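**Q** Residue numbers (the numbering used here), protein chains in the order written: chain G, 379 to 497; chain F, 14 to 125. Every residue, glycine too, gets a C-beta built ideally from N, C-alpha and C. On a predicted model such as this, the values are computed, not experimentally measured, just so you know.
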């Protein structure tokens, strides 16, 4: 079984451009999470989505950032008008949800990340 | 607010030593705790997941314990090898959320 696939692995953008990061979850997983790892910092939660729905976006900046997980296709994290401070590694994770709080008892499986560099 | 701390921040040991990595969290209201390994420039590999009702989990040379009431977990690595060199992260899933709260990691180097 293929794991979580993220692309591109590396992305370079100039200030003011848009960045689109893609994530294909493990086959059969309907829960997707995005995390950001700034240089020399730990991973921070950004957003949690189930198919076509945003469940928790408490970690996502209010402006310029958006995420979607359409019925068909990968999850997309979109950053508009990028700034130098957006340079980071962005990780996607997926899990399957069973009982109780959706996804609560299942491990999250991570992709290899997209390393975004802003010139 | 849940905070996760890992000690030590870095560790360098000779091959063959048994190691203990520590993780502490401030709020015991968690569903589970997960240990990960991260190699430089790579993603996270899940090592062990301990449910809140469990005390420990084992996989090969790895053993993780959980004491929820005291807010602590330890990752025990037996007979360390150079291939174990990586950053080890612990993360908790608080009640009523589906996100993981990560610690800052322990950077481990095992030299031959």
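Drop a sphere of 10 angstroms on the beta-carbon of residue 124/F, count the other beta-carbons inside from all chains shown, and report buried for 16 or more, exposed for fewer.
**A** The residue labelled residue 124/F in the question sits at position 111 within the second chain. Exposed is the call here.
**Q** Starting from residue 388/G, follow its DSSP beta bridges and name the residues at the other end.
**A** Residue numbering aside, residue 388/G sits at position 10 when the first chain is read from its first letter. In DSSP, residue 388/G forms a bridge with 493/G.
**Q** What span of residues does the beta strand (DSSP E) with residue 425/G cover, start to end?
**A** Position 47 of the first chain, counted from the first residue, corresponds to residue 425/G. Note, residue 425/G: beta strand (DSSP E), 421-428.
**Q** Output the distance between the C-alpha atoms of residue 39/F and residue 67/F, rounded to the nearest integer angstrom.
**A** Locating residue 39/F in the second chain gives position 26, counting from the first residue. Locating residue 67/F in the second chain gives position 54, counting from the first residue. If I take the Cα positions, the gap works out to 18 Å.
**Q** Spell out the partners DSSP gives residue 27/F in its beta bridges.
**A** On the second chain, residue 27/F is found 14 positions in, with the first residue counted as 1. Residue 27/F is bridged to 124/F.
**Q** Could you give the residue range of the beta strand (DSSP E) that holds residue 91/F?
**A** Start at 1 with the first residue of the second chain, and residue 91/F comes out as number 78. No beta strand (DSSP E) contains residue 91/F, which DSSP labels as neither H nor E.
**Q** Tell me which same chain residues have a C-beta within less than 6 Å of the C-beta of residue 474/G, skipping the five on either side of it?
**A** Looking up residue 474/G in the first chain gives position 96. Cβ within range, chain order: 407 and 484.
**Q** Could you say which of 118/F, 111/F, 99/F and 95/F lies nearest to residue 427/G if we only look at CA atoms?
**A** As a first step, residue 427/G is located in the first chain; it is residue number 49 there, counting from the start. Among 118/F, 111/F, 99/F and 95/F, the Cα nearest to that of residue 427/G is on 111/F.
**Q** Count the other CB atoms, across all protein chains shown, that sit within 10 Å of the CB of residue 92/F; report buried if there are 16 or more and exposed otherwise.
**A** Residue mapping note: residue 92/F aligns to position 79 of the second chain, counting from 1. Exposed.
**Q** Is there a Cβ from chain G that is less than 9 Å from the Cβ of residue 57/F?
**A** For the purposes of this step, residue 57/F is taken as residue 44 along the second chain, with counting starting at 1. By this cut-off, residue 57/F is an interface position.
**Q** Can you give me the C-alpha to C-alpha distance between residue 21/F and residue 108/F, rounded to a whole angstrom?
**A** Along the second chain, one-based indexing puts residue 21/F at 8. Along the second chain, one-based indexing puts residue 108/F at 95. If I take the Cα positions, the gap works out to 27 Å.
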